[in-house]
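Novice: For the sequence shown, the numbering used here begins at 152 and goes up steadily by one. I am attaching a structure below and will ask some questions about it afterwards.
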Amino acid sequence: MLHLKKYFLFLLLSLNVVSITYKVYSKKLQEIDIFANGNQINFIVEVADTAKERENGLMFRDSLAQKEGMLFIFPVKKNIGIWMKNTYIPLDIIFISEKKIIQKIVSSATPMDDTVYFSDHLTKYVLEINAGLTKKLQIKKGNKVNFE
């Protein structure tokens, strides 16, 4: 009987590891390049291209690696509003046109804030990266963005 309990415990732990591994590796990751001030700046971003993924965004995350972010892809270009509700980390929010040109940057959006930041133009993509990176890397409105 004791042997059966050990086997069952091992099985439960194994399933838990598989579940955690699936959650980590099931994220859609993509490279994105921003051409700014004569430099090509590379980020690895998590892609949010479903309504549920866009709704969740980076909420409830404790950290974001320096050259990581989230790329929100919308099915059609439209005026987009983004907020920081339930987002624990400060972010720079970059609104990108259908032609992959930066239209607007919101620098250092305040965590846990209900303010809605609007795109001001018809927008198809939004990139969120760590706060302060747009200033540090000299990323500006009008810069070209490249991704698949």
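Using N, Cα and C, we set each Cβ at its ideal position, and we do this for glycine too.
Could you pull the start and end residues of the alpha helix (DSSP H) that residue 202 belongs to?
Specialist: Run containing residue 202: 202-207, per the alpha helix (DSSP H) assignment.
Novice: Taking 8 Å as the threshold, find out whether the region 191-206 comes into contact with the region 254-268 through three or more Cβ pairs.
Specialist: Touching, no, given that fewer than three Cβ pairs across the two stretches are closer than 8 Å.
Novice: Among 240, 269, 244, whose alpha-carbon lies nearest the alpha-carbon of residue 290?
Specialist: It is 244.
Novice: From residue 181 to residue 247, what distance separates their C-alpha atoms?
Specialist: Straight-line Cα distance between these residues: approximately 16 Å.
Novice: Tell me which residues share the same chain as residue 225 and place their Cβ nearer than 6 Å to its Cβ, disregarding the 5 neighbours each side in the sequence.
Specialist: Cβ neighbours of residue 225 beyond the five flanking positions: 275.
Novice: Name the one or two DSSP bridge partners that residue 221 has.
Specialist: Partner(s): 197, 279.
Novice: Would you kindly report the start and end of the unbroken beta strand (DSSP E) that includes residue 295?
Specialist: 295-297 is the extent of the beta strand (DSSP E) around residue 295.
Novice: Count the other CB atoms, across all protein chains shown, that sit within 10 Å of the CB of residue 174; report buried if there are 16 or more and exposed otherwise.
Specialist: Unreliable placement is indicated for residue 174, whose pLDDT of 42 sits below 50; the coordinate value is still reported in the next sentence. Its Cβ having fewer than 16 others within 10 Å, residue 174 is exposed.
Novice: Kindly indicate which residue of 220, 211, 235, 187 has the alpha-carbon position closest to the one of residue 264.
Specialist: Taking only the C-alpha atoms, the option nearest residue 264 is 235.
Novice: How long is the line joining the alpha carbons of residue 295 and residue 237, rounded to whole angstroms?
Specialist: Taking the straight line from one Cα to the other gives about 30 Å.
Novice: Taking DSSP's pairing of strands, which residues face residue 213 in a bridge?
Specialist: Bridge partners of residue 213: none, in fact.
Novice: Step through the CB atoms of chain B and report whether any lies within less than 8 Å of the CB of residue 275.
Specialist: Note that chain B does not occur in the displayed structure, where there is just one protein chain.
Novice: Give the secondary structure of residue 274 by DSSP, where H, G and I count as helix, E and B as strand, and everything else as coil.
Specialist: DSSP places residue 274 in strand when its eight states are reduced to three.
Novice: Can you tell me which of 261, 231, 249, 250 puts its alpha carbon nearest to the alpha carbon of residue 280?
Specialist: For the residues 261, 231, 249, 250, the minimum Cα distance to residue 280 belongs to 261.
Novice: Classify residue 216 as buried or exposed, calling it buried when 16 or more other Cβ atoms lie within 10 Å of its own Cβ.
Specialist: Label assigned to residue 216: exposed.
Novice: Can you tell me which of the three DSSP states residue 287 falls into?
Specialist: DSSP places residue 287 in helix when its eight states are reduced to three.
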